[in-house]
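For the sequence shown, the working numbering gives the first residue as 135, with consecutive numbering after it.
Backbone N, C-alpha and C define an ideal beta-carbon position, used for all residues, glycine too.
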Amino acid sequence: MKNRIITILLLFCCLLVTTPISAKKWRAKHTVLIALDGWGAYSVSKGNIPHIKNLMEQGSYTLHKRCVFPSASAINWASMFMGVGTELHGYTKWGSKTPEIPSRVVNEHNISPTIFSIMRKQYPDAEIGVLHEWEGIKYLVDTLALSHRGQAPSYDDYPEALCEMAETYIKDKKPALVAVCFDQLDHVGHKSGHDTQEYYNCLHTLDGYIGRIIQAIKDAGIWDDTIIMLTADHGGINKGHGGITLEEVEIPFIIAGKNIKQSGEFQESMMQFDTAATIAYVFRLEQPQVWTGRPMKQVFKK
135 MKNRIITILL
145 LFCCLLVTTP
155 ISAKKWRAKH
165 TVLIALDGWG
175 AYSVSKGNIP
185 HIKNLMEQGS
195 YTLHKRCVFP
205 SASAINWASM
215 FMGVGTELHG
225 YTKWGSKTPE
235 IPSRVVNEHN
245 ISPTIFSIMR
255 KQYPDAEIGV
265 LHEWEGIKYL
275 VDTLALSHRG
285 QAPSYDDYPE
295 ALCEMAETYI
305 KDKKPALVAV
315 CFDQLDHVGH
325 KSGHDTQEYY
335 NCLHTLDGYI
345 GRIIQAIKDA
355 GIWDDTIIML
365 TADHGGINKG
375 HGGITLEEVE
385 IPFIIAGKNI
395 KQSGEFQESM
405 MQFDTAATIA
415 YVFRLEQPQV
425 WTGRPMKQVF
435 KK
């Protein structure tokens, strides 16, 4: 009898040593990242965006998050997902598909480690998705690490397509992590100008899509165990971006949901690459040594 008890205890100890951190210990079981290309922080106070502002009231936010240089798309989507700046991931141009400077560190898929690849490595069975409009996103997310990737058809012909894809995916798969990347606002910024009526009309439309995605999370029955994050790759001025003005560099970051403080605006500095680190903090992931991103721990209850 004594030997049997000892054997059971030994087996229990082995399970404790070999079992990874359970999903039950995540700060939330689901994280939904929604990012709007070309969304400058200056626009938040001026926009008719009730769903976005409601999330700001429910959680924490900053309107002083800064993108990395140059303040253009591929560079900043890479930093958002890869947890490092231009100097380390090596993507230096608006439309970079591969790094112009060799990435300082690459993973088994020969790409700088992304939030998706470290999630996959540490939780192999997790449902991980990326949905996007701009084709350039697919070169920056490590598609081999994803459970699902979907690119919406042209929003000129079908503007609601990405929203509908996100609604369906969330309700069908209840992903642990999904990024939904809208391009429409940046397109309007280039065509009609940033900080114009056309720009704010588009921002209002996107706010409606965000409301629909929130409803999809609720319809999926996972709202009470979800963290939602809203951010951007860069802002803009006149009909462009890539420069060093605050209109181009400062972007919003809003976070609300499970285990997030309802504390309003936080004063700590945040950079683009801190987004990946903050998602990693939700799932208690071990960050790669190369990452320079810091999680915004102050917005969490625990």
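**Study point:** Backbone secondary structure at residue 139 - three-state DSSP
**Key:** Per-residue confidence for residue 139 stands at a pLDDT of 48, beneath the threshold of 50, marking its modelled position as unreliable; no derived number is given.
**Study point:** Limits of the unbroken alpha helix (DSSP H) element including residue 299
**Key:** Taken as a continuous stretch (DSSP letters only), the alpha helix (DSSP H) holding residue 299 covers 295-307.
Check your understanding: Do you know whose CA, among 389, 217, 197 and 173, lies nearest residue 206's CA?
Key -> 173
**Study point:** residue 418 to residue 429 span [Cα, whole Å]
**Key:** 11 Å
Check your understanding: Can you find a heavy atom of the ligand ADP that lies under 6 Å from the Cβ of residue 180?
Key -> Because no ligand of any kind appears in the structure shown, any question about the ligand ADP cannot be addressed here.
Review point. Hey, would you say residue 407 sits closer than 7 Å to residue 219, going by beta carbons?
Key: yes
**Study point:** Cα-Cα separation between residue 210 and residue 368, rounded to whole angstroms
**Key:** 7 Å
**Study point:** Endpoints, the beta strand (DSSP E) within which residue 391 is located
**Key:** Residue 391: member of the beta strand (DSSP E) spanning 384-391, first to last residue.
Exercise for review: Report the three-state DSSP secondary structure of residue 166 (helix, strand or coil).
Suggested key: strand
Point to revise | residue 375, DSSP secondary structure in three states | key: coil
Practice item. Would you kindly work out how many angstroms separate the C-alpha atoms of residue 335 and residue 423, rounded to a whole number? Key: 42 Å
Review point. With distances taken between CB atoms, is the gap from residue 131 to residue 386 smaller than 7 Å?
Key: Beyond the ends of the chain as shown, which are 135 and 436, falls residue 131; an answer cannot be given.
Point to revise | Top-ranked residue by Cα proximity to residue 262, from 311, 382, 401 and 410 | key: Per the Cα distances, 311.
Exercise for review: Taking only the alpha-carbon atoms, compute the straight-line gap between residue 379 and residue 162 and give it to the nearest angstrom.
Suggested key: 36 Å
Check your understanding: Quick one, which of 259, 290, 230 and 299 has its alpha-carbon nearest residue 280's?
Key -> Checking every option, the nearest Cα to that of residue 280 belongs to 259.
Check your understanding: Which stretch, first to last residue, makes up the beta strand (DSSP E) that contains residue 190?
Key -> Counting along the chain, residue 190 falls outside any beta strand (DSSP E), though it belongs to the alpha helix (DSSP H) covering 184-192.
Check your understanding: Can you give the Cα-Cα distance for residue 283 and residue 364, rounded to whole angstroms?
Key -> 19 Å
Exercise for review: Assign residue 396 to buried or exposed, taking buried as 16 or more other Cβ atoms, counted over all protein chains shown, within 10 Å of its Cβ.
Suggested key: exposed
Check your understanding: At a cut of 8 Å, does the segment 244-258 reach the segment 187-202 through at least three beta carbon pairs?
Key -> Segments in contact, no.
Check your understanding: When you compare only the Cα positions, how much space is there between residue 436 and residue 415?
Key -> So the alpha carbons of these two residues sit roughly 11 Å apart.
Check your understanding: Using the rule of at least 16 other Cβ atoms within 10 Å of the residue's Cβ for burial, across every protein chain shown, is residue 292 buried or exposed?
Key -> exposed
Point to revise | Boundaries of the beta strand (DSSP E) in which residue 363 is found, first to last residue | key: 360-366
Check your understanding: Taking the Cβ atom as the reference point for each residue, do residue 349 and residue 400 lie within a distance shorter than 7 Å?
Key -> no
Practice item. Taking all protein chains shown into account, decide if residue 288 is buried (16 or more other Cβ within 10 angstroms of its Cβ) or exposed. Key: exposed
Exercise for review: Grab me the residues of residue 324's own chain with a C-beta within less than 6 Å of its C-beta, minus the 5 sequence neighbours each way, in chain order.
Suggested key: Excluding positions up to five away in sequence, the list reads 373.
Practice item. Taking all protein chains shown into account, decide if residue 403 is buried (16 or more other Cβ within 10 angstroms of its Cβ) or exposed. Key: exposed
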